[in-house]
Amino acid sequence: MSDHDDDDAFAGISPLAERRARPSADPMAGLGPDEDPELWARIAKCAEQTLNDTGNGQRFRIHFGENLIWVPRVGWYDWSGQVWVKDPDMLVVRGKAQTLGPLIEKEVRFISVPPDRAELVERRAEIEADIARLKRIPPSKRTPEQEAELSDLQPQLDEIMHVLSGVQDRIGQRLRHAKNAGNSAPIGNMINEASIALSRQVDQLDAGALDVNCASGVLRFSVDGGGDAGFSKVSRVDVIPHARDQLLTKIIPHSYDPKATCPRFDDFLRRIMPEERMRRFLQRWFGLCMTALTGEQKLCYFYGTGANGKSVLVDLMAWLLSDYAAVAKIESLTGSNRRGGGDATPDLVQLVGARFVRASEPDEGVKWQEGLIKELTGGEPMLVRALQQDFFEFLPCFKLTISGNHKPDIRGTDEGIWRRLLLVPFDQHITKDERDPDLQKKLRQEAPGILRWAVEGLLDYLEGGLDEPEEVRVATAEFRAESDPIGQFLTDCTTVTGDPTDKIMAKDMIEAFNFWRARDGLGEWQPNTIAKRIKGEKAGKWRHPATGRSFEAHKASTTFYLGVRWTDMFGRDLRHAPRDQRGKIIGSPVDMGGYGDEGGM
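Straight run, no breaks: the sequence shown in the working numbering ends on number 1115.
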């Protein structure tokens, strides 16, 4: 190497590499007053990551992971300061990912010489000065000792140049990687890799059944007492600060004020529901609807023929509960929306995490999907699937409220559906002169007071349960009787003993049923229909509410039922019923001969 070769070598080293080649320099030193130390601390950590998609995923986590979570098969959520907000189109996530390139550029601040070369590079100025001093001596005048010293120093300077070149290469790689990080494919790959470290399971979200998020904090309900010692239950609510680790994805956008009032809402409730015990029941029901409790396994059907305030009330509570409320398409709950076991269920995916679900009434006579309703209100996990997604399991925790001017068409007779239903009658009629088109708007102005009302309802529920009033129990029982006339007939007119010596002929049962209906001015049923319903739905399955016993169908030369007899009163009425010349009860089918002596069984 000539005396001037090293000058040419130094000319290829960038000023940035020169600065980063100072091992004694603290990369965090010299930050300006406008520079964020926490940001630079994150950048320092990111500088340690690899230059690939996995490393970028870690960079994304380091910079943004505090405020982002990923839920498999559900999507991304962004922290707002009060609640985790769904990012369905990934606008927030991709927006943050697009800023990572400039942040990667800043990582060059933390690229420096390897530690095992630090001491050598520290001596660079000294070595350069010694070489310059020796080179100022003409070669012909250098002593052997000076030549030896120069020969020893030059390789050290070459090694320093090699280290500097390596720093420059690493800086160049980092800058190229930063530029590439802004391309669409690396952005997508970065997000995919980051999702692993930021993932949460769907059952971790909103997991506190008695936690209710609102604008002023998290309402945490609790109840003490009620054990074997005989103490009464005492419920309470505490307001705790919002926190990321609560993983709450829903919020009531109103503040809780235990002193807030709602006089207009109170007047409205008294008008549509005059009985105080019914208003208290509604208060407990809507309080329960704020929670994820599933033990009740109930649904409310608000029934009234129109202009009675039920829709205003339901719409108001759905608005108040906001994120905790959802709407179920009535087609999802009726026979008009049947699907196979592998079909997508996007309409049910919308109910994941909801606590209050409302639905409008079906058309009159449309059959409910009773199996699905039992599944949705049963407190057990179920599988749902969004379009073009995999199935995932969730636990329905919502309380279903349906409003209708017609009573639902429930054809099942088992306890599974009937023990769930609460028919809530809305009997008042709001006249045209009373109706206020701005009522909903006026009621919403009392949101803090209505929230306080719902909170008190939940506290009442936690201490005493739902406690359905007599009006609800009677209305539900009467509706069940209307929906199951065969069952009501057997309840009213028979005594089920289980004694095989008590028996009724099948054709007599058919005739008696139509006689029972005719007495109430109701139309006849076809004998085949009666026979199929009694044999298929009642015999061996139905239990008389008074005795808890069932009867059995038996066939010999004819069909009859064992273990059942007429009540004394109905048996007497049946014997004294007017009959025609053929012995048929007047008002019963004119001719049963076409159905055989078994009544079509």
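Every residue, glycine too, gets a C-beta built ideally from N, C-alpha and C.
Residue i, DSSP secondary structure in three states
i, result
"I1099", "strand"
"V751", "strand"
"D952", "coil"
"L813", "strand"
"W882", "strand"
"P551", "helix"
"E619", "helix"
"L897", "strand"
"S746", "coil"
"A842", "coil"
"D1013", "coil"
"K824", "helix"
"T848", "strand"
"I583", "strand"
"C803", "coil"
"V866", "coil"
"E875", "coil"
"A729", "coil"
"P537", "The predicted model places P537 with a pLDDT of 48, which falls under 50 and marks its position as unreliable; any figure quoted below should be read in that light. Coil at P537, not helix or strand."
"F735", "strand"
"V1078", "strand"
Own chain residues within Cβ distance below 7 Å of residue i, not counting five before or after
i, result
"Q572", "Q563"
"T819", "N919"
"S709", "W584"
"D837", "K764 and I765"
"F1065", "V1010, A1053, Y1075, L1076, G1077 and V1078"
"I1100", "P1092, R1093 and D1094"
Nearest neighbour of residue i, chosen from the options [CA to CA]
i, options, result
"W1056", "I931, L1004 and T819", "L1004"
"L976", "A646, R750, R647 and A729", "R750"
"T1043", "R794, G1035 and M1023", "M1023"
"V585", "G569, M604, H577 and G595", "M604"
"G885", "R934, V866 and S917", "R934"
"I887", "T805, T915 and T1015", "T915"
"Q1154", "T1061, E659 and V732", "For residue 1154 there is no data in the structure shown, the boundaries of the chain being 515 and 1115."
"D989", "P939, K1017 and D981", "Note on residue identity: the sequence assigns Ala, not Asp, to residue 989. For the residues P939, K1017 and D981, the minimum Cα distance to A989 belongs to P939."
"I964", "R994, V828, L834 and L582", "L834"
"E636", "Q670, P658 and K649", "Q670"
"V1078", "K1046, V1010 and T1015", "V1010"
"E907", "L565, F578, D683 and Q718", "Q718"
"S825", "W554, L783 and R684", "L783"
"L553", "H943, I618, G589 and S698", "I618"
"G696", "Q612, A721 and I651", "Q612"
"R785", "T568, R949, P767 and K1046", "R949"
"L1152", "R656, L667, L634 and G702", "What the structure shows of the chain is the stretch from 515 to 1115, and residue 1152 is not part of that stretch, so it cannot be assessed."
"R987", "F795, W1039 and P700", "F795"
"H943", "V866, C560 and A821", "A821"
"V828", "Q954, L648, G1012 and T1008", "Q954"
"G1012", "T945, F578, H1058 and P999", "H1058"
"R791", "E982, D548, E996 and C776", "E982"
"Q668", "S736, D947 and R638", "R638"
"A1060", "G1050, T1081 and R1047", "T1081"
"Q864", "G892, G893 and L897", "L897"
"R1047", "K1017, G1001, V606 and R1033", "G1001"
Below-7 Å beta-carbon distance, residue i vs any chain B residue
i, result
"I786", "Considering every chain present, this structure includes no chain B. It has just one protein chain."
Contacting residues, own chain, Cβ-Cβ under 6 Å from residue i (five flanking each side not counted)
i, result
"W598", "Y591 and T763"
"M831", "F800"
"M1019", "F1074"
"D725", "V732 and R734"
"A757", "none"
"K620", "I557"
"D974", "R798"
Contact belief for residue i with residue j at Cβ below 8 Å, rounded distance in angstroms
i, j, result
"E960", "R778", "6 Å"
"M704", "F624", "Going by Cβ atoms, the distance from M704 to F624 rounds to 20 Å, so no, they are not a contact pair."
"R869", "C911", "6 Å"
"M787", "L972", "That belief does not hold up - the Cβ atoms of M787 and L972 are roughly 19 Å apart, past 8 Å."
"A806", "A723", "4 Å"
"K747", "L980", "Contact doesn't hold; Cβ gap of about 14 Å is too wide."
"Q687", "L582", "With a Cβ gap of about 28 Å, Q687 and L582 do not count as contacting."
"F1029", "A1091", "6 Å"
"E875", "S917", "6 Å"
Beta-carbon contacts of residue i that lie in its chain and below 8 Å, excluding the five residues immediately before and after
i, result
"G1037", "R1031"
"P1014", "L1076 and G1077"
"D550", "none"
Three-pair Cβ contact test at 8 Å for the segment 687 to 696 versus the segment 711 to 722: no
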